[in-house]
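Q: If you read the sequences in order, they're chains A and B.
Note that the working numbering has the first sequence beginning at 1, numbered continuously upward.
Note that the working numbering has the second sequence beginning at 1, numbered continuously upward.
Positions of the beta carbon are idealized from the N, C-alpha and C atoms, including for glycine.
For clarity, every value in this text was computed on a predicted model and none was experimentally measured.
Starting off with a structure, shown below.
There are 2 protein chains.
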Amino acid sequence: MARRSDHSKEELRSMILDAAQRNLVQAGYAGLTARKIASDIDYTVGTLYHNFQNLDDIVLHVNARTLDDLYDALRAACERHREAQQRVMAIGRTYIDFAFKNRNRWSAVYDIPVRKETPVPDWYRARVTRNLEYVAIQLAPLVPEINPQQLRKSAYMIWCSVHGMCVLSVGHKLEVPRAELGVLAENFIKDYIAGLVIRDREKTRVVKREAYVQ
Amino acid sequence: MARRSDHSKEELRSMILDAAQRNLVQAGYAGLTARKIASDIDYTVGTLYHNFQNLDDIVLHVNARTLDDLYDALRAACERHREAQQRVMAIGRTYIDFAFKNRNRWSAVYDIPVRKETPVPDWYRARVTRNLEYVAIQLAPLVPEINPQQLRKSAYMIWCSVHGMCVLSVGHKLEVPRAELGVLAENFIKDYIAGLVIRDREKTRVVKREAYVQ
DNA sequence: GTTGACTATTGAACAGCGTTCAAATATATT
DNA sequence: AATATATTTGAACGCTGTTCAATAGTCAAC
Chain A
1 MARRSDHSKE ELRSMILDAA QRNLVQAGYA GLTARKIASD IDYTVGTLYH NFQNLDDIVL
61 HVNARTLDDL YDALRAACER HREAQQRVMA IGRTYIDFAF KNRNRWSAVY DIPVRKETPV
121 PDWYRARVTR NLEYVAIQLA PLVPEINPQQ LRKSAYMIWC SVHGMCVLSV GHKLEVPRAE
181 LGVLAENFIK DYIAGLVIRD REKTRVVKRE AYVQ
Chain B
1 MARRSDHSKE ELRSMILDAA QRNLVQAGYA GLTARKIASD IDYTVGTLYH NFQNLDDIVL
61 HVNARTLDDL YDALRAACER HREAQQRVMA IGRTYIDFAF KNRNRWSAVY DIPVRKETPV
121 PDWYRARVTR NLEYVAIQLA PLVPEINPQQ LRKSAYMIWC SVHGMCVLSV GHKLEVPRAE
181 LGVLAENFIK DYIAGLVIRD REKTRVVKRE AYVQ
């Protein structure tokens with residue numbers, strides 16, 4: 001059976017990832033099995049373990065793709081708007097749409113366990129960070145007086161909030177009608193930004209007053 | 001071996017739940033096994049299945065307890081403050097503390113799969129709802145002109161946001177130093193409420209203007 | 001062309017899992 | 001004491017991720 005040169009190492013790796021992704025989409029993280037992936041590409045389980053550390057390592061690589069796709073979706077959505085607030089709102093809506101359209105793939109990003117003994121590789125961490133950074137970039141023009149640290153924190157909160165909505169809804173833990181989720185997120189972002197802007201304006205006044213005193 | 005009258009049906013059920021909770025605390029949802037629970041109470045697996053539908057049914061009952069404990073914690077925290085905003089902020093901080101102090105138990109509430117063919121029982125759904133309702137009750141005085149529907153939505157967003165922070169942090173998906181999480185949540189709640197209050201005040205003005213016209 | 005080194009691939013084996021259910025045992029009733 | 005009923009057992013089933021000796025295809029050297 002051994003067909004040593006049918007596929008290069010790289011071909012084989014991406015065949016495995018493709019099959020894993022298909023199975024993930026179909027059966028979810030819990031339903032994904034090594035034997036199914038292997039039989040999908042007409043190899044046996046052993047081959048998987050010669051190309052990846054274990055099953056979760058395979059899922060991690062699929063998750064990296066998912067995070068890339070999410071990033072692309074967020075970018076595309078933002079570029080359809082000119083105003084900063086509309087852009088941040090689009091991020092919220094797009095994240096929700098992405099999570100629901102790609103339930104199982106999206107869930108796998110959060111279902112995969114993170115163990116301390118197996119630290120998250122840098123190439124993966126970079127993809128996570130990139131998404132959050134993108135929110136911060138879009139948020140920045142709305143709060144011009146904010147410092148970078150506070151900006152990051154605000155972007156983080158928006159991310160957490162929209163993510164929280166998705167986790168609870170996709171997982172059927174605290175359901176809200178799917179159709180309402182989008183406007184809910186948009187209104188939330190509007191209100192939160194309104195609150196942020198107040199603090200930001202106060203800062204402006206303080207800065208101006210200080211300048212005046214001097 | 002059979003010891004039919006050693007324990008009543010009710011005793012046995014709570015022994016199983018106690019053992020399940022101990023194992024859950026120790027090993028987490030993924031590490032919980034029927035055989036461990038059984039051997040912990042000196043019974044065999046079969047007995048578990050005569051008292052509960054399956055392993056997830058056991059976890060569901062443990063989760064109900066967890067939700068009760070969370071509710072108690074939120075209440076206790078709120079009662080330590082007089083101002084409404086301080087109370088809502090306390091809810092945020094307390095939720096985070098609870099999630100971190102009871103990682104595995106708290107995670108299990110969200111790790112357990114919800115299947116359409118096995119709908120969530122009413123006694124469980126009631127506990128979920130009660131927590132969210134409590135947030136709404138504490139939030140209400142801050143936005144007096146809001147309608148009940150909007151109030152629920154705002155409470156829902158606060159819940160989602162704080163939950164999102166916990167999910168991402170406890171699961172090591174988007175980590176922020178544990179010590180910062182509390183103030184982060186508090187500042188977030190402050191800002192979001194500030195934004196909500198703006199909308200609420202606008203409503204007041206509109207209402208007053210209408211009254212003036214008439 | 002044959003040999004030998006190398007390496008990709010196999011698939012049986014292992015220890016574990018949730019779940020089932022006939023058999024065994026203990027209690028209650030007649 | 002005999003029968004009926006309820007509780008408990010534990011082996012069995014089919015599944016899981018993972019390992020690793022054995023197999024088999026490839027290639028370089030002679």
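Among Lys-203/B, Thr-204/B, Asp-191/B, which has the Cα closest to the Cα of Asp-200/A?
A: Of the candidates Lys-203/B, Thr-204/B, Asp-191/B, the one whose C-alpha sits nearest the C-alpha of Asp-200/A is Asp-191/B.
Q: Using a beta-carbon distance below 8 Å, is Arg-199/B in contact with chain A?
A: Cβ-Cβ to chain A under 8 Å: yes for Arg-199/B.
Q: Find the residues of chain B that neighbour Lys-301/A, judging by a C-beta separation of less than 7 Å, and give them in chain order.
A: Outside the displayed span of chain A (1 to 214) sits residue 301/A, for which this structure offers no information.
Q: Please name the residue in Asp-6/A, Ile-193/A, Arg-130/A whose C-alpha comes closest to that of Leu-74/A.
A: It is Arg-130/A whose Cα lies nearest to the Cα of Leu-74/A.
Q: Span of the alpha helix (DSSP H) holding Pro-148/A?
A: Counting along the chain, the alpha helix (DSSP H) containing Pro-148/A begins and ends at 148 to 170.
Q: Please classify His-50/B: does DSSP put it in a helix, a strand, or coil?
A: Here His-50/B sits in helix by DSSP.
Q: Quick check: is the beta carbon of Pro-148/B nearer than 8 Å to any beta carbon in chain A?
A: Not one chain A Cβ lies under 8 Å of Pro-148/B.
Q: Mind pulling the chain B residues with CB within less than 8 Å of Lys-173/A?
A: Within 8 Å Cβ-Cβ: Val-109, Tyr-110, Val-114, Val-128.
Q: Could you tell me whether the Cβ atoms of Ile-91/B and Gln-138/B are closer together than 8 Å?
A: In contact: Ile-91/B and Gln-138/B (Cβ atoms closer than 8 Å).
Q: Starting from Arg-82/B, trace the alpha helix (DSSP H) in both directions and tell me its first and last residue.
A: First-last for Arg-82/B: undefined, no H or E at that position.
Q: Val-162/B and Ile-96/B look like a contact to me (Cβ under 8 Å); what is the Cβ gap, rounded to whole Å?
A: Val-162/B to Ile-96/B, Cβ: 7 Å. Contact.
Q: Does the distance from the CB of Val-176/A to the CB of Tyr-110/B come in under 8 Å?
A: Not in contact: Val-176/A and Tyr-110/B (Cβ atoms no closer than 8 Å).
Q: Quick check: Phe-52/B and Arg-178/B, are their CB atoms within less than 8 Å of each other?
A: Contact: no.
Q: Identify the continuous alpha helix (DSSP H) that holds His-61/A and give its terminal residues.
A: Looking at the DSSP string, the run of the alpha helix (DSSP H) that includes His-61/A is 55 to 78.
Q: Measure from the C-beta of Thr-196/B to each C-beta in chain A and report whether the shortest distance is under 8 Å.
A: Correcting the residue type first, residue 196/B is Leu in the shown sequence and not Thr. Chain A contact via Cβ: present.
Q: Terminal residues of the continuous alpha helix (DSSP H) containing Val-258/A?
A: A question about residue 258/A goes unanswered here, because the residues of chain A that appear run from 1 up to 214.
Q: In chain B, which residues lie with their C-beta within 7 Å of the C-beta of Gly-164/A?
A: Simply Cys-160, Ser-161, His-163, Gly-164, Val-167.
Q: Return no unless some Cβ of chain A is closer than 8 Å to the Cβ of Tyr-156/B.
A: Tyr-156/B counts as touching chain A.
Q: Against chain B, does Ala-76/A count as a neighbour if the rule is that its beta carbon must be under 8 Å from one of theirs?
A: No, Ala-76/A does not count as interfacial toward chain B.
Q: Counting only the same chain and skipping the five closest in sequence on each side, list residues whose C-beta sits under 7 Å from that of Val-45/A.
A: Result list for Val-45/A: Ala-34, Arg-35, Ala-38, in chain order.
Q: Let me see if you follow: with CB-CB separation under 8 Å, is Val-88/B close to chain A or not?
A: Val-88/B does not count as touching chain A.
Q: Could you tell me how far apart the beta carbons of Val-128/B and Leu-67/B are, in whole angstroms, since I believe they sit closer than 8 Å?
A: That pair is a contact at about 6 Å.
Q: Kindly list the residues whose CB is nearer than 7 Å to the CB of Leu-271/B, restricted to its own chain and excluding five residues on each side of it in sequence; keep chain order.
A: The first residue shown for chain B is 1 and the last is 214, placing residue 271/B beyond what the model contains.
Q: Do Ile-158/B and Ile-189/B have their CB atoms nearer than 8 Å?
A: Yes, these two residues count as a Cβ contact at 8 Å.
Q: Using 10 angstroms around the beta-carbon of Gln-26/B, count the other beta-carbons present and answer buried if the total reaches 16, otherwise exposed.
A: It counts as exposed.
Q: Give the residues from the stretch 52 to 67 of chain B that approach chain A closer than 7 Å (Cβ to any Cβ), ordered along the chain.
A: Taking 7 Å as the Cβ-Cβ cut-off against chain A, none of the residues of the stretch 52 to 67 of chain B qualify.
Q: When you compare only the Cα positions, how much space is there between Val-88/A and Met-15/A?
A: Their backbone Cα atoms lie some 36 Å apart in a straight line.
Q: Please check the pair Arg-105/A and Leu-12/A, which I expect to be a contact at CB under 8 Å, by giving their CB distance rounded to whole angstroms.
A: That belief does not hold up - the Cβ atoms of Arg-105/A and Leu-12/A are roughly 22 Å apart, past 8 Å.
Q: Let me see if you follow: with CB-CB separation under 8 Å, is Val-170/A close to chain B or not?
A: So no, Val-170/A is outside the interface.
Q: Does DSSP put Asn-131/B in a helix, a strand or coil?
A: Asn-131/B: helix per DSSP, three-state reduction.
Q: Between Tyr-192/A and chain B, is there a C-beta pair that is closer than 8 Å?
A: Chain B, which has a Cβ nearer than 8 Å to the Cβ of Tyr-192/A, makes this yes.
Q: Tell me the residue span of the alpha helix (DSSP H) that contains Lys-36/A.
A: Run containing Lys-36/A: 34 to 40, per the alpha helix (DSSP H) assignment.
Q: Quick one: residues in its chain with C-beta nearer than 8 Å to the C-beta of Val-167/A, no 5 flanking neighbours on either side, listed in chain order?
A: Within the same chain, Val-167/A has close Cβ partners Tyr-110, Lys-173.
Q: Cβ atoms of Ala-77/A and Tyr-29/A: under 8 Å apart, would you say?
A: No, Cβ-Cβ distance for Tyr-29/A and Ala-77/A is not below 8 Å.
Q: Counting only Cβ-Cβ distances shorter than 8 Å, please list the residues of the stretch 30 to 55 of chain B near chain A, keeping chain order.
A: Taking 8 Å as the Cβ-Cβ cut-off against chain A, the residues of the stretch 30 to 55 of chain B that qualify are Ala-30.
Q: What's the call for Asp-6/A, buried or exposed, on a 16-neighbour Cβ count within 10 Å?
A: Exposed is the call here.
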